[in-house]
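Letter 384 of the sequence shown, counting from 1, is numbered 384 in the UniProt record's numbering, and no numbers are missing. C-beta: ideal position from N, C-alpha, C; glycine also. Nothing here was measured: the structure is a model prediction, and the numbers come from that model. Reading through the structure tokens given below for one structure.
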Amino acid sequence: MADDEKAAKLAAAKKRVEQMKKKNAKKGGATKVPAKDQPKEEPPKEEQPKEEPDSEPSTKVEATEKAKDTATKPKPSKEAVKPAATKPAAAAAANDDDDDSDDSDDDDDDSVDELPKPSDEPPMSPTTVQQSKMRSSSFRHGPLSPAIGGPSGDVETAPDIYRKQVARIEDLEKENKRLAKEAADNEKRWQKAEDELEDLREGEDKSVDDAEVERLKSELAALQRQNAQLQSAAQRRHSSQASVSMNASTPPSELQAQLDSKSATIESMELEISRLRAQAERQASNGGSDREQIAALEEKLTRSEQAALKAQRELSDAKKNLERITERAVKEGSERTSAETKIRTLEQDYQKLQEEKAELDKKVEALEKKVAALGSLHKENDSRSQTLRKEKEKAEKEAKEALSKVEKLEAENTRLRKKDAAEGGGNDDDVDELENEERLHMEKKIRDLESEVYDLQRGIWHQKRREMEPGMTEDVTSPSGGGFTNIDLASPNPARKGSNKGFGDFFTNGLNALTGVSNEEDSFLEDDDLDFDEDAFRKAQEEDAKNRLERIKEIKRGLKNWEGWRLDLVDSRRGGGGYGAGPVFEV
């Protein structure tokens, strides 16, 4: 904005100076400097198209110094100036008002005509815009394109070019400030010269007015004297009419005095006119020197305007180049930052993959340990299943032998009963005693077999296998796995069903308990002598269910007291998990 205001002020000043020159030319008092005495500008040296940016500010400073030297050359002498014939001041003042209207129409044409023509000057070097374009093209194809591949010794990098451009911009700004200061000084000097010219014009007007007043006063005094002389002459004519002829022959003294006074006034007026002419000549010569100073200041002002415009163009070119460099630097920086971010993301992904790999290795090791443990457990399970199979076969053989014995005993019993019936009765107490002994013996043996089978079926290796392999089959100890009949062996009077089954059903129930087959309708503990009380059995089951629910509730309520506690299994790890299990270890 400051540059635009300065340019506007300079244009307005130039316009005012042109108006003053036109006014002075119309008055006839303006003088032109000969062509040989006018200062000539030296043509600037042609610059190489591929010149470095640092050499341009020095050439600009030299050009401005030459322009200052040419502006400060000695002015032509007053003798070389030929003033035109001076007109009366009143006519000049009247013509000023008429010229103002004509000057306002011809300002632009005269300002264009006053500028130096390119035909009169020597051939100039390429313009600044062309040079800046050539430099930008060479700069675009030169130092930055190889710098992408890698910096070399002879190629300038982007930071060096940026620093040079910044230094060049600073020099151009200093030059612009200096030219603006010179333009302001020239404007002040021109304003001062304009004020002096206005003062001289006012002085001329005042001197002309004073001379006119003095002339009018002298004429008035002469007319008054002439009137007084005529009045005195008329009185004399009336007083002495007789001596008219005599007085007519000789000239009167009053007429002689009148002639003398008129001649004196004429001489005084001639002296005054000569004095005014000399003063007008002096003022014309002074006005010519002022016009010369104004012309020189005008030329200097045009030079400073041209230099300022040139500096502004170069500054704009430098700013454009700097913007291009900054854009390229920003683009390179963004590409570099994007590459760095990609590298960081890849490194983070690699670290994550390494961590996942380590975790997978740990899991593989754990799974290998688990497989080894499962293999050992499988081997143990095979060995135990073989032992169980052998024991089962042995128990089946014993059961078959017992069954055959029972059948033999039943046959013997029936035979004895028939014999007793045939003989007319006998003592049944011995038979009942034998049956009771056999029943007790078989009950004890069946309980031992049931406890052994139950311990084998609820072995801890099943629990371990289920913990390590959650997809195993259902536990054989679950309510749906084995169909055993729940018998309260601890109560002194167990509830028994009354049936007419014998020892065969008793042994089949034992075999069912060994093989895991349920027989809900039959019971291996039967008492033929006692009747089955359904109401008592239902009440006993209800009480048992209530007790079981109460016990579960108490256990759940007691679990709240164990919240926050940690179970220490060190001893159990050392000693093992119980019957049929080895030491506990972590998989």
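Using the C-alpha atoms, what's the distance from residue j back to residue i?
i           : j       : result
Ala-295     : Ser-261 : 50 Å
Ala-307     : Ala-329 : 32 Å
Tyr-162     : Gln-293 : 45 Å
Lys-362     : Lys-392 : 43 Å
Lys-9       : Glu-175 : 19 Å
Glu-550     : Gly-564 : 25 Å
Leu-200     : Ala-193 : 10 Å
Met-442     : Glu-380 : 32 Å
Pro-494     : Ala-536 : Bear in mind that the predicted position of Pro-494 carries a pLDDT of just 46, short of 50, making it unreliable; the figure below should be weighed with that in mind. Straight-line Cα distance between these residues: approximately 11 Å.
Thr-157     : Glu-173 : 24 Å
Lys-188     : Glu-202 : 21 Å
Glu-281     : Gln-229 : 40 Å
Arg-277     : Gln-258 : 28 Å
Arg-384     : Lys-390 : 10 Å
Glu-347     : Glu-368 : 31 Å
Lys-21      : Glu-198 : 14 Å
Ala-373     : Glu-355 : 27 Å
residue 589 : Glu-542 : Past the edges of the chain, shown from 1 to 587, lies residue 589, and the structure says nothing about it.
Glu-359     : Gln-351 : 12 Å
Ala-284     : Lys-23  : 14 Å
Lys-405     : Glu-398 : 10 Å
Asp-98      : Glu-323 : Any answer about Asp-98 is weak, because its pLDDT of 46 lies below 50 and its placement is not dependable; what the coordinates show is given next. Computed Cα separation, rounded: 54 Å.
Ile-343     : His-378 : 50 Å
Ile-446     : Arg-415 : 27 Å
Ala-221     : Val-213 : 12 Å
Gln-19      : Glu-170 : 38 Å
Ala-540     : Arg-548 : 12 Å
Lys-45      : Leu-315 : At Lys-45 the pLDDT is 40, less than 50, meaning the model places this residue with poor confidence; the figure from the coordinates comes in the next sentence. Distance between the alpha carbons of Lys-45 and Leu-315 is about 20 Å.
Leu-440     : Ser-376 : 42 Å
Glu-534     : Asp-544 : 15 Å
Glu-401     : Arg-538 : 38 Å
Lys-419     : Lys-408 : 16 Å
Glu-437     : Ile-555 : 42 Å
Glu-332     : Glu-340 : 12 Å
residue 630 : Gln-256 : What the structure shows of the chain is the stretch from 1 to 587, and residue 630 is not part of that stretch, so it cannot be assessed.
Trp-562     : Asp-382 : 39 Å
Glu-335     : Leu-353 : 26 Å
Ser-263     : Asn-286 : 34 Å
Lys-66      : Ser-338 : A caution first: Lys-66 carries a pLDDT of 47, below 50, which makes its placement in the model too unreliable to give a value.
Val-364     : Thr-345 : 28 Å
Lys-357     : Asp-349 : 12 Å
Leu-403     : Glu-396 : 10 Å
Lys-560     : Lys-546 : 22 Å
Hey, out of the options, whose CA is closest to residue i's CA?
i           : options                               : result
Glu-254     : Leu-276, Asn-227 and Arg-384          : Asn-227
Lys-394     : Leu-449, Ile-266 and Leu-223          : Leu-449
Thr-387     : Arg-447, Glu-452, Glu-407 and Ser-338 : Glu-452
Thr-326     : Asn-547, Pro-159, Glu-534 and Ala-422 : Pro-159
Leu-434     : Ala-422, Ser-274, Glu-410 and Glu-423 : Glu-410
residue 653 : Glu-407, Lys-331 and Lys-15           : Residue 653 lies beyond the residue range present for the chain, which begins at 1 and ends at 587; the question has no answer from this structure.
Lys-320     : Thr-345, Arg-168, Ala-25 and Ser-338  : Arg-168
Ala-11      : Arg-417, Thr-302 and Asn-561          : Thr-302
Ala-291     : Val-364, Ala-25 and Asp-3             : Looking at the sequence itself, residue 291 is Arg, so the reference to Ala does not match. It is Ala-25.
Asp-432     : Asp-4, Asn-413 and Lys-546            : Asn-413
Give the C-beta separation of residue i and residue j to the nearest angstrom, bearing in mind that I take them to be a contact with Cβ-Cβ under 8 Å.
i       : j       : result
Gln-165 : Ala-13  : Contact flag wrong, Cβ pair sits at about 34 Å.
Ser-304 : Ala-183 : 5 Å
Lys-300 : Asn-186 : 6 Å
Glu-272 : Ala-211 : 6 Å
Thr-265 : Ser-218 : 6 Å
Glu-298 : Val-17  : 5 Å
Arg-225 : Met-269 : Not confirmed; about 15 Å, so no contact.
Got a sec: does the ligand MG put a non-hydrogen atom nearer than 6 Å to the Cβ of residue i?
i       : result
Gly-564 : As far as ligands go, the structure on display features none, and thus does not contain the ligand MG.
Practice item. Give a yes or no on contact between the stretch 179-191 and the stretch 307-316, applying the rule of three or more CB pairs nearer than 8 Å. Key: yes
Practice item. List in chain order: all unbroken beta strand (DSSP E) runs of 3+ residues lying wholly within the stretch 325-406. Key: none
Exercise for review: Ignoring anything shorter than 4 residues or poking outside the stretch 180-208, list the alpha helix (DSSP H) runs there in chain order.
Suggested key: none
Exercise for review: Scan the stretch 253-327 and note each continuous beta strand (DSSP E) run of 3 residues or more that stays entirely inside, going in chain order.
Suggested key: none
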